[in-house]
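S.K.: In full-length UniProt numbering, the protein residues as written are 1 to 600.
Yeah, the Cβ is synthetic: ideal placement off N, Cα and C, and Gly gets one too.
Since the structure is predicted, the reported quantities are computational estimates derived from the model, not experimental observations.
Got a structure for you, questions after.
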Amino acid sequence: MSEHGILSPKRCAIYTRKSTNKRLDHDVNSLVTQREIASAYVRSQQYKGWVELSDTYDDGGHSGSGLERPALARLMQDIEAGQIDTVVVYKIDRLTRSLLDFVRLIEMFDRRNVSLVSVSQAFDTSDSMGRMILNVLLTFSQFEREMIAERVRDSIRTRKRHGKVHGGLPPFGYIATRAGLKVEPAEAEIVRFIFSEFLRTERYTAVMTAVREAGMCSSVKPTAKGEPRGGKAISPSTVYGILQNPIYIGEIRGHDQNYPGEHEPLVDRATWDRVQALCIKRRKRPPDAKETRHFLAGLLWDELGRHMLLDLNWHRGKTYCAYASSNAMWSQKEYRRAYRANADDLDRLVIATVAHFMADRRCLRMALKALGVLGDELENLAEQGAQAADRIAAVPAEDRKEVFAAILVRIEVGEDELTLTFRGLELRRFLEWNGRGKFYGRHADWPCSDARWEHKVAARVVTAERWPSLHINPRDPAQVANPDKKLISLIRSARKAQSLVEDNRDWSIEELARKQGCRPAHFARLVRVNYLAPDITTAILDGRQPTALTRDLILRSNVPTDWGLQRRLYGFAQPERAIAPRNLFGRGMWPGRPAECEVD
1 MSEHGILSPK
11 RCAIYTRKST
21 NKRLDHDVNS
31 LVTQREIASA
41 YVRSQQYKGW
51 VELSDTYDDG
61 GHSGSGLERP
71 ALARLMQDIE
81 AGQIDTVVVY
91 KIDRLTRSLL
101 DFVRLIEMFD
111 RRNVSLVSVS
121 QAFDTSDSMG
131 RMILNVLLTF
141 SQFEREMIAE
151 RVRDSIRTRK
161 RHGKVHGGLP
171 PFGYIATRAG
181 LKVEPAEAEI
191 VRFIFSEFLR
201 TERYTAVMTA
211 VREAGMCSSV
221 KPTAKGEPRG
231 GKAISPSTVY
241 GILQNPIYIG
251 EIRGHDQNYP
261 GEHEPLVDRA
271 TWDRVQALCI
281 KRRKRPPDAK
291 ETRHFLAGLL
301 WDELGRHMLL
311 DLNWHRGKTY
321 CAYASSNAMW
331 SQKEYRRAYR
341 ANADDLDRLV
351 IATVAHFMAD
361 RRCLRMALKA
371 LGVLGDELEN
381 LAEQGAQAAD
391 RIAAVPAEDR
401 KEVFAAILVR
411 IEVGEDELTL
421 TFRGLELRRF
431 LEWNGRGKFY
441 GRHADWPCSD
451 ARWEHKVAAR
461 VVTAERWPSL
471 HINPRDPAQV
481 ANPDKKLISL
491 IRSARKAQSL
501 VEDNRDWSIE
511 ELARKQGCRP
521 AHFARLVRVN
531 YLAPDITTAI
541 LDGRQPTALT
551 RDLILRSNVP
561 TDWGLQRRLY
571 GFAQPERAIA
581 PRNLFGRGMW
591 PGRPAECEVD
């Protein structure tokens, strides 16, 4: 109540949740029911100043066992922004079924003076009695969820012990009927072909290639709603799964053992045993990522959007670690090459980049201001940057995964650029951290804020395998060249200046400039001319440079070290990608492949 005796409005947000997607497309569903009941309750409290907000926070098809829900994330962001005074739910288990998650949510609510109200259970968290009742109800809610999960697991185990497949889509090679699994003849032949081809070649990739070249496709089957499904080319993951699935010898895979099934097997026991022996022989037992101390696997993507995972190879007893792009389905269709980066080099580069970012007061202040930090808090955090840089560089190898997964949301690897996306909440916490003990990210706080900051660094970490990273093309004899003598003279002078530096390391810049016959500032610019991209230098020597490019323009620009920026600055076209789709011939087609396999 205000000082004039008038009730101040209490802004109420209604949150609803449903665990499954069933009937969500109906006009009247569980979410609508929850909202109408909660809305009526808010209207009944108008004498207390309660006002329902127009924004809807509905999570359909999301479990209450975790906090990773889109509507809940928006709700927490609005709470952090100070736009909500009360959260209204139909029942407390609609908000969460986990006692630990509930404690975290209540902590956030208390921080923003937000109360929680459950309509059907008649309590709110504004008093101690309501908090006690809430804890009791939530304990039973979590118990109920665990009991339901246990009953479902017991039911699945029982069905498998009786030789029945429990739900889901039927395995490749079978169709689902009321009587159980029945063999689908066309797909059964494909399964037998895959097993026989693996025994012949003893290689997964060879089997996948043979399946592709044979143009094998899955059969068209109706879904539960009667819609057609299938008819597509068989993917490599399907091939690998078929070779590992005991369903094809008449068994059903259980949690700790296989059970005899009621369905007809597609391969005999002898064939299955020989295939599994080969699989075990080919199975390399790589050390765990934690054992290798490489910590970026969960944060890395390439610039095409593919997740990059840790890849281990062995040669003469030595383990080689690299981060490689995942084999995404769209990437297979376009025959896109995987990006690969040496794991040791990339780890060191990320650590150095984050430390440099924190130590650079200008970059750190720009990021903090963009994240909404201003005034004295901004200056206090900026002062902590240098110490935070020392702490990030000194994090023990076994703790790096936890620290970097908290501070960074994503690392995107490009051919000539690395982009680090910082998480605003954890960046501030790390700057405030005193370095004692271990630094742990607060996962429950992450849905509360989507504040991000991108930091780009020009660096080439992608291994182009046998493709050169320097873009130098031979001179075309048929091309009429008209080299600019002043530009060529500039390049020669720059190389002479660089030689002076290399041959006279005990000379000062004044002495070097005097030997060159110029001023020290001009000598420094001459040395930077040696930083020109090789394709720009060869174009100048051939006389193929843009007409607007002059000697004075290069000297005045104080040549930047970023080759891509040089090309934009001086009017050169960007070269073709070093990592192109593989095996492209002519118009981008595989030899002997049909036109529909053409790559754009």
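Start and end of the beta strand (DSSP E) containing W301?
M.R.: Translated into the one-based positions of the sequence shown, residue 301 becomes position 301. W301 -> beta strand (DSSP E) spans L300 to D302.
S.K.: Looking only at C-alpha atoms, which of E184, F102, Y47 and D110 sits nearest to P265?
M.R.: Residue numbering aside, residue 265 sits at position 265 when the sequence shown is read from its first letter. Measuring from the Cα of P265, the nearest candidate turns out to be E184.
S.K.: Which two residues bound the contiguous alpha helix (DSSP H) that contains Y248?
M.R.: Position 248 of the sequence shown, counted from the first residue, corresponds to residue 248. First-last for Y248: undefined, no H or E at that position.
S.K.: For E187, is the classification buried or exposed, using 16 other Cβ atoms within 10 angstroms of its Cβ as the cut-off for buried?
M.R.: Position 187 of the sequence shown, counted from the start, is the residue given in the question as residue 187. Answer is buried; the Cβ neighbour count reaches 16.
S.K.: In angstroms with no decimal places, state the Cα-to-Cα distance between L278 and M208.
M.R.: Position 278 of the sequence shown, counted from the first residue, corresponds to residue 278. Position 208 of the sequence shown, counted from the first residue, corresponds to residue 208. Distance between the alpha carbons of L278 and M208: 16 Å.
S.K.: Between A338, F404, E303 and Y339, which has its C-alpha nearest I351's C-alpha?
M.R.: Locating residue 351 in the sequence shown gives position 351, counting from the first residue. Ranking the options by Cα distance to I351, first place goes to F404.
S.K.: What residues are listed by DSSP as bridge partners for W50?
M.R.: The residue you call residue 50 lines up with position 50 of the sequence shown. W50 is bridged to K10.
S.K.: Nearest CA to the CA of L19: which residue from L95, A73 and T353?
M.R.: Against the sequence shown, residue 19 aligns to sequence position 19. One point to set straight first is that residue 19 is Ser, not Leu, in the sequence displayed. It is L95 whose Cα lies nearest to the Cα of S19.
S.K.: Figure out for me which residue from I84, D85, D101 and A81 has the closest Cα to the Cα of residue 635.
M.R.: As shown, the chain starts at 1 and ends at 600. That puts residue 635 outside it, with no answer to give.
S.K.: Taking I79 as the reference, give the member of I92, E202 and N113 with the closest Cα.
M.R.: Position 79 of the sequence shown, counted from the first residue, corresponds to residue 79. If we check each option's Cα against that of I79, N113 comes out closest.
S.K.: Taking the continuous beta strand (DSSP E) assigned at I175, which residues delimit it?
M.R.: Along the sequence shown, one-based indexing puts residue 175 at 175. Here the beta strand (DSSP E) through I175 covers Y174 to T177.
S.K.: Taking only runs of the beta strand (DSSP E) that begin and end inside the region 297-384, which ones reach a length of at least 3 residues, in chain order?
M.R.: Entirely contained in the region 297-384, the beta strand (DSSP E) runs reaching 3 residues are, in chain order, 300-302, 308-315, 318-325 and 340-342.
S.K.: Just how far apart, CA to CA, sit R35 and H255?
M.R.: Residue numbering aside, residue 35 sits at position 35 when the sequence shown is read from its first letter. Residue numbering aside, residue 255 sits at position 255 when the sequence shown is read from its first letter. So the alpha carbons of these two residues sit roughly 40 Å apart.
S.K.: Nearest-angstrom Cα distance between S155 and P171?
M.R.: Numbered from 1 along the sequence shown, position 155 holds the residue referred to as residue 155. Numbered from 1 along the sequence shown, position 171 holds the residue referred to as residue 171. S155 and P171: Cα-Cα distance of roughly 20 Å.
S.K.: Taking Cβ positions, are L75 and Y57 nearer each other than 8 Å?
M.R.: Taking the first residue of the sequence shown as position 1, residue 75 is located at position 75. Taking the first residue of the sequence shown as position 1, residue 57 is located at position 57. Yes, the Cβ-Cβ distance between L75 and Y57 is below 8 Å.
S.K.: Out of R528, L555 and L549, which has the shortest C-alpha to C-alpha gap to P483?
M.R.: Stepping through the sequence shown from its first residue, residue 483 is reached at position 483. Answer by Cα proximity: L549.
S.K.: What first and last residue would you give for the beta strand (DSSP E) that runs through V89?
M.R.: Here residue 89 corresponds to residue number 89 of the sequence shown, with the count starting at 1. Start and end: T86 to V89.
S.K.: Put P560 into one of helix, strand or coil per three-state DSSP.
M.R.: Start at 1 with the first residue of the sequence shown, and residue 560 comes out as number 560. Reduced to three states, the DSSP call for P560 is coil.
S.K.: Run through the DSSP bridge pairs and tell me what L408 is partnered with.
M.R.: On the sequence shown, position 408 is the one that residue 408 refers to. Answer by DSSP bridge pairing, in chain order: F422.
S.K.: Nearest to residue 601 by CA position, among S8, Y15 and S39, is which residue?
M.R.: Given that the chain is displayed from residue 1 to residue 600, the structure contains no residue 601 and the question cannot be resolved.
S.K.: According to DSSP, simplified to helix, strand and coil, what is H522?
M.R.: Taking the first residue of the sequence shown as 1, we reach residue 522 at position 522. In this structure, H522 counts as helix in the three-state DSSP scheme.
S.K.: Counting only the same chain and skipping the five closest in sequence on each side, list residues whose C-beta sits under 6 Å from that of F357.
M.R.: Stepping through the sequence shown from its first residue, residue 357 is reached at position 357. Excluding positions up to five away in sequence, the list reads C363 and H455.
S.K.: Excluding the five sequence neighbours on either side, which residues of its own chain have a C-beta within less than 7 Å of the C-beta of D288, listed in chain order?
M.R.: Walking along the sequence shown from the start, residue 288 turns up at place 288. Confidence in D288 is poor, its pLDDT being 48 and thus under 50, which makes the residue's placement too unreliable to answer from.
S.K.: Check for me: the beta strand (DSSP E) holding L116 runs from which residue to which?
M.R.: Reading the sequence shown from its first residue, position 116 is the one you call residue 116. Segment S115 to S118, the beta strand (DSSP E) holding L116.
S.K.: Note the first and the last residue of the continuous alpha helix (DSSP H) segment covering L72.
M.R.: For the purposes of this step, residue 72 is taken as the residue at position 72 of the sequence shown. Segment P70 to E80, the alpha helix (DSSP H) holding L72.
S.K.: Quick one: residues in its chain with C-beta nearer than 6 Å to the C-beta of P286, no 5 flanking neighbours on either side, listed in chain order?
M.R.: Numbered from 1 along the sequence shown, position 286 holds the residue referred to as residue 286. Only weak support is given to the placement of P286: the predicted model assigns it a pLDDT of 49, under 50, and the value that follows is read from those uncertain coordinates. So the qualifying residues of the chain are L312.
S.K.: With a threshold of 8 Å, are at least 3 pairs of Cβ atoms found where one atom belongs to the region 198-218 and the other to the region 235-246?
M.R.: Segments in contact, yes.
S.K.: Closest to F572 by CA distance: which of Y335, R525 and I540 is it?
M.R.: Sequence index remark: in the sequence shown, residue 572 carries index 572 (1-based). It is I540.
S.K.: Nearest to R274 by alpha carbon, out of S196, T292 and L349?
M.R.: For the purposes of this step, residue 274 is identified with residue 274 of the sequence shown, where counting begins at 1. Comparing Cα positions, the closest option is S196.
S.K.: Kindly indicate the opening and closing residues of the beta strand (DSSP E) around W453.
M.R.: Sequence index remark: in the sequence shown, residue 453 carries index 453 (1-based). R452 to V457 is the span of the beta strand (DSSP E), which, as asked, contains W453.
S.K.: Closer than 7 Å by C-beta to A388: which residues in its own chain qualify, once you throw out the five before and the five after it? Chain order, please.
M.R.: Stepping through the sequence shown from its first residue, residue 388 is reached at position 388. Within the same chain, A388 has close Cβ partners M358, F430 and L431.
S.K.: What separation, rounded to the nearest whole angstrom, lies between the Cα atoms of I92 and D110?
M.R.: To locate residue 92, count along the sequence shown from 1; it is residue 92. To locate residue 110, count along the sequence shown from 1; it is residue 110. C-alpha separation (whole angstroms): 17 Å.
S.K.: Below 8 Å between beta carbons: does that hold for G424 and W446?
M.R.: The residue given as residue 424 occupies position 424 in the sequence shown. The residue given as residue 446 occupies position 446 in the sequence shown. The answer is no: Cβ separation not under 8 Å.
S.K.: If we ignore side chains and look at the alpha-carbon of each, how far apart do L199 and W563 end up?
M.R.: The residue you call residue 199 lines up with position 199 of the sequence shown. The residue you call residue 563 lines up with position 563 of the sequence shown. Rounded to the nearest angstrom, the two C-alpha atoms are 50 Å apart.
S.K.: Can you tell which of C12, L553, A341 and D450 has its C-alpha closest to the C-alpha of S118?
M.R.: By one-based count along the sequence shown, residue 118 stands at place 118. Of C12, L553, A341 and D450, the residue nearest in Cα terms is C12.
S.K.: In three-state terms, what does DSSP make of V28?
M.R.: The residue labelled residue 28 in the question sits at position 28 within the sequence shown. The answer is coil: DSSP assigns V28 none of H, G, I, E or B.
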